[in-house]
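Q: Once you've had a glance at the structure underneath, I'll fire off some questions.
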Amino acid sequence: MSLLTRLFLVAALSLAALLPAAAQTKDQDSRIAKPTSFLEACAEKIESRGRLRFCDTYFRDKLGTEADALLYLRDRITRLRAAHEASSAEKYQSFLQAIYIVAFLTIASIVLIASDRRIRGTARWAGLASSAAVLVMVVIVAMGWLGKYRAEYSAQFELGILRDRIETEAAQAIATGQQITPDMVRLWTQDLSDIGRRFANSYGHATIIPELDRFSN
Numbered sequence: 682m683s684l685l686t687r688l689f690l691v692a693a694l695s696l697a698a699l700l701p702a703a704a705q706t707k708d709q710d711s712r713i714a715k716p717t718s719f720l721e722a723c724a725e726k727i728e729s730r731g732r733l734r735f736c737d738t739y740f741r742d743k744l745g746t747e748a749d750a751l752l753y754l755r756d757r758i759t760r761l762r763a764a765h766e767a768s769s770a771e772k773y774q775s776f777l778q779a780i781y782i783v784a785f786l787t788i789a790s791i792v793l794i795a796s797d798r799r800i801r802g803t804a805r806w807a808g809l810a811s812s813a814a815v816l817v818m819v820v821i822v823a824m825g826w827l828g829k830y831r832a833e834y835s836a837q838f839e840l841g842i843l844r845d846r847i848e849t850e851a852a853q854a855i856a857t858g859q860q861i862t863p864d865m866v867r868l869w870t871q872d873l874s875d876i877g878r879r880f881a882n883s884y885g886h887a888t889i890i891p892e893l894d895r896f897s898n
């Protein structure tokens with residue numbers, strides 16, 4: 682048997698051994714299902730509100746060139762909503778504390794002035810007037826905290842609706858084989874701007890003392 686014949690036999694045997702393995706690998710690859718829906722692609726992240734960020738590769742492949750804008754916008758909405766949620770809870774606690782102060786001062790003023798018989802005439806009326814002035818100031822501050830809470834909560838609620846809308850429209854685009862268009866992104870951005878403008882107006886009307894650091898988010 683010549684050297685050439687031996688080399689040919691070795692090559693034939695090697696090829697025969699590799700073909701079944703390659704065919705098996707190809708068969709396994711063909712049986713691996715590719716994600717075809719929003720829920721399937723993000724199944725492991727379905728409990729996380731930030732799931733779109735973790736499924737960004739899938740979204741870029743499915744939604745085209747505007748996927749980056751969608752992911753950025755949605756991430757921004759998520760962070761803004763979290764900030765409004767924390768701030769609304771803080772403002773509500775401040776409102777409750779102001780109400781407690783009003784109740785305490787009212788009861789204390791009535792008890793002190795009524796129980797002290799040495800306070801008569803003009804002094805009694807002056808004491809009542811000063812107590813009433815303090816109560817009015819505390820009530821004004823309390824109503825300001827309530828207005829701030831309402832502004833924060835309203836913005837939080839609207840941002841949640843906008844985020845759910847973006848997710849729904851993105852999932853629908855994937856399911857129908859469409860892509861996110863620049864017009865859709867502009868519409869979402871305009872809605873976000875409108876929410877911010879309404880919040881700024883409501884918050885500004887609710888507070889007496891400006892809080893410029895609140896608008897740095």
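To convert, count from 1 in the sequence shown and add 681; that's the numbering used here.
Just so it is clear, CB atoms sit at the ideal spot from N, CA and C, and this is done for glycine as well.
Please report the residue range of the alpha helix (DSSP H) in which I876 lies.
A: For the purposes of this step, residue 876 is identified with residue 195 of the sequence shown, where counting begins at 1. Note, I876: alpha helix (DSSP H), P863 to A887.
Q: Quick one: Cα of A813 to Cα of A767, how far?
A: Here the question's residue 813 lines up with position 132 in the sequence shown. Here the question's residue 767 lines up with position 86 in the sequence shown. Their Cα atoms are separated by approximately 33 Å.
Q: How many Å lie between Q860 and F838 at the Cα?
A: Counted from its first residue, the sequence shown places residue 860 at position 179. Counted from its first residue, the sequence shown places residue 838 at position 157. Looking at the two C-alpha atoms, the distance is approximately 27 Å.
Q: In chain order, what residues of the same chain have a beta carbon less than 8 Å from the beta carbon of I876, not counting five sequence neighbours either side?
A: Along the sequence shown, read from residue 1 onward, the residue named residue 876 stands at position 195. Within the same chain, I876 has close Cβ partners A836, E839, L840 and L843.
Q: Report the rounded CA-to-CA distance for I870 versus L754, giving the unit in angstroms.
A: Counted from its first residue, the sequence shown places residue 870 at position 189. Counted from its first residue, the sequence shown places residue 754 at position 73. Here residue 870 is Thr; the residue named in the question, Ile, does not match the sequence. Distance between the alpha carbons of T870 and L754: 7 Å.
Q: Below 8 Å, how does it come out for the segment 824-836 and the segment 768-783: are there three or more Cβ pairs, yes or no?
A: yes
Q: Looking only at its chain, what residues have a beta carbon closer than 7 Å to the beta carbon of I780, apart from the 5 residues adjacent to it on each side?
A: Indexing the sequence shown from 1 puts residue 780 at position 99. If we look at I780 and ignore the five residues flanking it on each side, its Cβ neighbours are A823.
Q: Would V783 pass as a contact of V820 if the rule is Cβ separation under 8 Å?
A: Here residue 783 refers to the residue found at position 102 of the sequence shown. Here residue 820 refers to the residue found at position 139 of the sequence shown. Contact: yes.
Q: Leaving out the 5 sequence neighbours to the left and right, which residues in its chain are closer than 6 Å to Q853 when beta-carbon positions are compared?
A: Position 172 of the sequence shown, counted from the start, is the residue given in the question as residue 853. Here the set comprises nothing.
Q: Measuring CB to CB, does L744 end up less than 8 Å from L751?
A: Locating residue 744 in the sequence shown gives position 63, where the first residue counts as 1. Locating residue 751 in the sequence shown gives position 70, where the first residue counts as 1. At the C-beta level, L744 and L751 come within 8 Å of one another.
Q: Rounding to the nearest angstrom, what Cα-Cα distance links S874 and M818 in this structure?
A: The residue labelled residue 874 in the question sits at position 193 within the sequence shown. The residue labelled residue 818 in the question sits at position 137 within the sequence shown. Rounded to whole angstroms, S874 to M818 spans 34 Å at the Cα level.
Q: For H765, count neighbouring Cβ atoms within 10 angstroms of its own Cβ and tell me buried if that reaches 16, exposed if not.
A: Along the sequence shown, read from residue 1 onward, the residue named residue 765 stands at position 84. The residue is buried, with at least 16 neighbouring Cβ atoms inside 10 Å.
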